[in-house]
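> Sharing a structure here in structure tokens format.
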Amino acid sequence: MLGPLNISHEESPARLSAPDSSSVTRHVLAPALVRSVVDSDSGNGDEHGQDGEIPRHGVAGTTDVLPTVDARVPQAGGQAADQGAVAAEPELVGNGGDDPDPHEDDEAGEAATEPPDRPVRTRLQEKRRRRHHRTVLATRAAVFVLAMMVVLTVGGAWGGIAYYDDRFDEVSALDPGSPAIQDAAAQQGDSNYLIIGSDTREGLDAEAGHGTDEDVVGARADTIMLAHVPAGEDRAVFVSFPRDLEVDLNGCEQWDDKAREYSAETVHEAEQVKLAEAYSMGGPRCVTDVVQRISGLRVNHFVGVDFLGFTGMVDAVGGVPVTVQEPVIDEVLGVVIDEPGTHVLSGTQALDFVRARHVHGDPTSDYGRMQRQQQFVSALLNSAVSRDVVLDPRRMKRFVTAFTDATFGDNVAMGDMLTLAHSLKSTGVDSIDFITVPTTGFANARGNEVLLEGEAGELFGALIGNEPLPGTES
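When we follow my numbering, the leftmost residue of the sequence shown carries the number 29, and every step to the right adds one.
Below you can see the structure in the form of structure tokens.
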């Protein structure tokens, strides 16, 4: 079994001043995490890690820090894999919560309001006066994608390529002839994967406190990320887009996420809406169109994953252990985890754990949830590549089945995913970058973050021309 996926950090030698808006945040995966993921198919998991702090990622050039929460896999006797940790006996728990409001929506409060006297300032700006840390960490989206890579790699190892391809849900997303694509000749041979992690309520029971697809219509894009691998495969760059990024929509066919198909209805052109709305209203085609217009990159692979697929994945591996330092009590979902220690989460409770965004003691709602999602996916990854799962064909098949049932895309066969996984492995840790598209860093009167077009143009121009990223030497 792989060792614990703990996060390490390096303290900056000097206080960081308020960042220049022209800089681009550059996040690099912790080496132990990358090696654990991309080497899993050969059994070369790294068993080292250090406790650290999980940061909040946002404005270019800034990183705020949250306290660490461990995601350790308990060994025999219920002890955490980290010998220095004190953990309670793992407890298999189900859904907590006492009749929470099933109509609660993550997007509540984002409707148009009266414009304030000044732009709403984010926690990042308020924290700029404090001491910052430069951290070595995968973002939530990065961990999610690499987890996806190792799942497919392990699945391929036991001969599941044809099985995966047969079950994979193909949707129409790509537009290779788009006039928004810049310098198509320079991009020949490059691979650009648009990866959407969506949150729907399809198949949920309202009595369990989640709400249903009838309560909240449509899917929300919780993760929007572009993975760029140039033709030479000498580096990989993952660009994350804020879901509240302000964008303009072209006319799109309306997307039915439940059926995973387009309807005869039309989504009309709209200005100054959130990027997440491009997916919820117009689906893969619409969000691909927006990202291509922002970046100029040719998106030639689309991958969508429904986060609710985690429920089946968790149950397939017999539950996922996580260690918390404090109880997790949510104002809407109720008691998710009732006491500190190591708990083996069932599929239902795992869903509560990753969706909770009104948890007592969280400094902020979205970033507290981001921290728990990072923690959970790391723990799920450890469980998925454990000896108990990998060497059990029936359990592995159940896990990959749950994964493929929650996955859909365009031009993404099993072979494509394996190619990307091996590209990440051959590229090397030092050549994998995780960055956030440059924005103003605060919400405007419409509740949106605004793209810094000049800085974004430099970033994507460097990717198209296979040049060093702005502010870096390589």
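Here a beta-carbon is modelled for each residue, glycine too, at the ideal position from N, C-alpha and C.
The beta strand (DSSP E) spanning K302 covers which residue range?
Within the sequence shown, residue 302 is the residue found at index 274, counting from 1. Its beta strand (DSSP E) spans residues A298 to K302.
> Indicate the three-state DSSP secondary structure (helix, strand or coil) for L409 in the structure shown.
Here residue 409 is taken as the residue at index 381 of the sequence shown, counted from 1. The answer is helix: DSSP assigns L409 an H, G or I state.
> Are the beta-carbon atoms belonging to F436 and G332 less than 7 angstroms from one another?
Numbered from 1 along the sequence shown, position 408 holds the residue referred to as residue 436. Numbered from 1 along the sequence shown, position 304 holds the residue referred to as residue 332. Going by C-beta atoms, F436 is nearer than 7 angstroms to G332.
> Taking only the alpha-carbon atoms, compute the straight-line gap between L277 and S206 and give it to the nearest angstrom.
The residue given as residue 277 occupies position 249 in the sequence shown. The residue given as residue 206 occupies position 178 in the sequence shown. Each residue's Cα considered, the two are about 15 angstroms apart.
> Would you kindly work out how many angstroms separate the C-alpha atoms of V342 and F431, rounded to a whole number?
Here the question's residue 342 lines up with position 314 in the sequence shown. Here the question's residue 431 lines up with position 403 in the sequence shown. Cα to Cα, the separation comes out at about 10 angstroms.
> Thinking C-alpha only, which one of S268, T339, D284 and G340 is nearest C314?
Taking the sequence shown and counting its residues from 1, one reaches residue 314 at position 286. Measuring from the Cα of C314, the nearest candidate turns out to be D284.
> Would you be able to state if there are at least three C-beta pairs under 8 angstroms between the segment 215 to 223 and the segment 257 to 272?
Cβ pair count under 8 angstroms is three or more, so yes.
> Please classify R422: is it buried, with 16 or more other beta-carbons within 10 angstroms of its beta-carbon, or exposed?
Here the question's residue 422 lines up with position 394 in the sequence shown. With fewer than 16 other Cβ atoms within 10 Å, it is exposed.
> Roughly how many angstroms separate the alpha carbons of D250 and F335, rounded to a whole number?
On the sequence shown, residue 250 is found 222 positions in, with the first residue counted as 1. On the sequence shown, residue 335 is found 307 positions in, with the first residue counted as 1. Going by the C-alpha atoms only, they are around 9 angstroms apart.
> Should L491 go down as buried or exposed, given a rule of 16 or more other Cβ atoms within 10 Å for buried?
Residue mapping note: residue 491 aligns to position 463 of the sequence shown, counting from 1. Answer is buried; the Cβ neighbour count reaches 16.
> Looking at S374 and G346, is the spacing between their C-beta atoms short of 7 angstroms?
Here residue 346 refers to the residue found at position 318 when the sequence shown is read from its first residue. Here residue 374 refers to the residue found at position 346 when the sequence shown is read from its first residue. The answer is no: Cβ separation not under 7 angstroms.
> Around the C-beta of Q300, are 16 or more other C-beta atoms found within 10 angstroms, so that it is buried, or is it exposed?
Locating residue 300 in the sequence shown gives position 272, counting from the first residue. Exposed: under 16 other Cβ atoms inside 10 Å.
> CB-CB under 8 angstroms to R146, same chain, minus the five flanking residues each way: which ones, in chain order?
By one-based count along the sequence shown, residue 146 stands at place 118. Interpretation of R146 is limited by its pLDDT of 43, a score under 50 that renders its predicted location unreliable; the figure taken from the coordinates is listed afterwards. Excluding positions up to five away in sequence, the list is empty.
> Tell me where the alpha helix (DSSP H) around G375 begins and ends.
Taking the sequence shown and counting its residues from 1, one reaches residue 375 at position 347. G375 to R383 is the span of the alpha helix (DSSP H), which, as asked, contains G375.
> Spell out a yes or no on whether the segment 474 to 483 and the segment 261 to 275 are touching, meaning 3 or more CB-CB pairs, one atom from each, closer than 8 angstroms.
The segment 474 to 483 vs the segment 261 to 275: in contact.
> Across which residues does DSSP place T435 in a beta bridge pair?
Counting from 1 along the sequence shown, the entry for residue 435 is found at position 407. Per DSSP, V333.
> When the Cα atoms are used, what is the spatial distance from A190 to M442?
Locating residue 190 in the sequence shown gives position 162, counting from the first residue. Locating residue 442 in the sequence shown gives position 414, counting from the first residue. Roughly 8 angstroms separates the two Cα atoms.
> Candidates L448, N439 and K425: which alpha carbon is nearest L198's?
On the sequence shown, residue 198 is found 170 positions in, with the first residue counted as 1. Residue identity check: residue 198 is Glu in the sequence provided, not Leu. The residue with the shortest Cα to Cα distance from E198 is N439.
> With a 10 Å radius around its C-beta and 16 neighbouring C-beta atoms as the bar for buried, classify S268 as buried or exposed.
Indexing the sequence shown from 1 puts residue 268 at position 240. Its Cβ being crowded by 16 or more others within 10 Å, S268 is buried.
> L479 lies in the beta strand (DSSP E); which residues open and close that run?
The sequence position of residue 479 within the sequence shown is 451, counting from 1. Note, L479: premise wrong, no beta strand (DSSP E); not H, not E.
> When you compare only the Cα positions, how much space is there between A287 and F266?
Against the sequence shown, residue 287 aligns to sequence position 259. Against the sequence shown, residue 266 aligns to sequence position 238. Roughly 29 angstroms separates the two Cα atoms.
> Apply the 10 Å Cβ neighbour rule to P496 and answer buried if 16 or more other Cβ atoms are within range, or exposed otherwise.
Start at 1 with the first residue of the sequence shown, and residue 496 comes out as number 468. Answer is exposed; the Cβ neighbour count stays below 16.
> Under 7 angstroms, do T351 and L379 count as touching if we go by C-beta distance?
The count along the sequence shown starts at 1 and reaches residue 351 at position 323. The count along the sequence shown starts at 1 and reaches residue 379 at position 351. Their beta carbons are not under 7 angstroms apart, which means T351 does not touch L379 by this criterion.
> Grab the span of the beta strand (DSSP E) containing V356 for me, first residue to last.
In the sequence shown, counting from the first residue as 1, residue 356 sits at position 328. Where V356 is concerned, the enclosing beta strand (DSSP E) stretches over V356 to D358.
> Starting from the C-beta of V319, find all residues in its chain whose C-beta is less than 8 angstroms away, skip the five residues before and the five after it, and write them out in chain order.
Looking up residue 319 in the sequence shown gives position 291. The residues are L222, I252, L254, F269, L325 and V327.
> Should S308 go down as buried or exposed, given a rule of 16 or more other Cβ atoms within 10 Å for buried?
In the sequence shown, residue 308 corresponds to position 280, counting from 1. Label assigned to S308: buried.
> For the alpha helix (DSSP H) containing D416, name the first residue and the last one.
In the sequence shown, counting from the first residue as 1, residue 416 sits at position 388. Start and end: R415 to V418.
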